[in-house]
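Reviewing the structure listed below.
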Amino acid sequence: MDLFARSWTALRRAVTELPDEDFAQPSGCAGWLVRDLACHLVIDAQDVLITLVTPAETEPSRDAVTYWEVSATPPTGDDPLDALIVRLAAAYEEPRLLKFHLDDVGSAAGRAAGLADPDLRVGTRGEVLTAGDYLSAYVLEWTLHHLDLVAHLPGAADPPAEGLARSRDMLEKIAGTAFPASFSDKDALLVGTGRRAPADAQKAELGELAARLPLVLG
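Note that my numbering numbers the sequence shown so that position 62 is 73, with each residue one more than the last.
Structure representation (structure tokens):
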């Protein structure tokens, strides 16, 4: 849960520190500008708040790894919900308003996570997890979206190293195998989730795993 807080704080800080012009730059999410991704983070923060106050009585059906639904088809940005995010983001008009809303809702989500009992069972997406597993799953969410945020912004800071390492570990468990040791944590996440095509040498190192990529998480 500490890693959730560090990853989320770093991502929110990265958004806060962006100059206004960067909000019009492309992000690492297909079809989304940086402003659209920032708006999506507001929705993510709302989801955290909703889930943490949705207790469940039954035994957990998922954990931090099995929380994720895996597809082989990368998003195109044409999904109706993705398109809705673009319209919502445009409605803010000024980056400072989007920053304010993310800080407001995002801070509340962070406080709620810090107060949560890790053994509390919560319901989300028709499944039950412990709060600890749910928040651990979101370390991967925050880390991947931090990479999306800075994909075309070379001056922006990368996610925390410990978040990258933990996210790689989760992705390898989802894949059922390890990525080559020569891959950095960042490369494993970008290549593994289809955010970057592997170089020829990397593809050779991946071996049979290359045919199973990308692992598109939702």
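Every residue, glycine too, gets a C-beta built ideally from N, C-alpha and C.
- Spanning the alpha carbons of leucine 95 and alanine 192 requires a straight line of approximately 40 Å.
- Counting C-beta atoms within 10 angstroms of its own C-beta, leucine 109 has 16 or more neighbours from the protein chains shown and is therefore classed as buried.
- Histidine 157 and leucine 22 do touch by the CB rule: their CB atoms are close to 5 Å apart, below 8 Å.
- No Cβ-Cβ contact shorter than 9 Å links leucine 29 with serine 38.
- When only Cα atoms are considered, proline 171 and glycine 117 end up about 18 Å apart.
- Counting only unbroken stretches of 3 or more residues, the beta strand (DSSP E) elements lying wholly within the stretch 134-179 are 138-141, in sequence order.
- In the DSSP annotation of this structure, the continuous segment of the alpha helix (DSSP H) that includes glutamate 216 starts and ends at 211-217.
- A straight-line Cα-Cα distance of about 8 Å links threonine 135 and threonine 65.
- For cysteine 40, the closest alpha carbon among the candidates Leu201, Ala120, Val133, Thr27 is that of Leu201.
- Per the Cβ contact rule, the stretch 165-182 is not in contact with the stretch 55-63 (fewer than 3 Cβ pairs under 8 Å).
- Judged by pairs of C-beta atoms under 8 Å, the stretch 217-229 touches the stretch 83-94, as three or more such pairs exist.
- Taking 9 Å as the cut-off, the beta carbon of leucine 48 is found no closer than this to the beta carbon of serine 147.
- If you ignore the 5 residues before and after alanine 208, its C-beta comes within less than 7 Å of no other C-beta in its own chain.
- Secondary structure of arginine 206 (DSSP, three-state): coil.
- Here the alpha carbons of arginine 46 and alanine 100 stand approximately 6 Å from one another.
- Per DSSP, the continuous alpha helix (DSSP H) segment holding valine 53 begins and ends at 45-63.
- One thing to note: alanine 120 has its Cβ no nearer than 9 Å to the Cβ of proline 129.
- Residues of the same chain with a CB within less than 6 Å of the CB of serine 72, apart from the 5 flanking positions on each side, are Glu138, Val139 in chain order.
- Exclusion of the five residues before and after proline 106 leaves Asp31, Phe34 as the residues of its chain whose Cβ lies within less than 6 Å of its Cβ.
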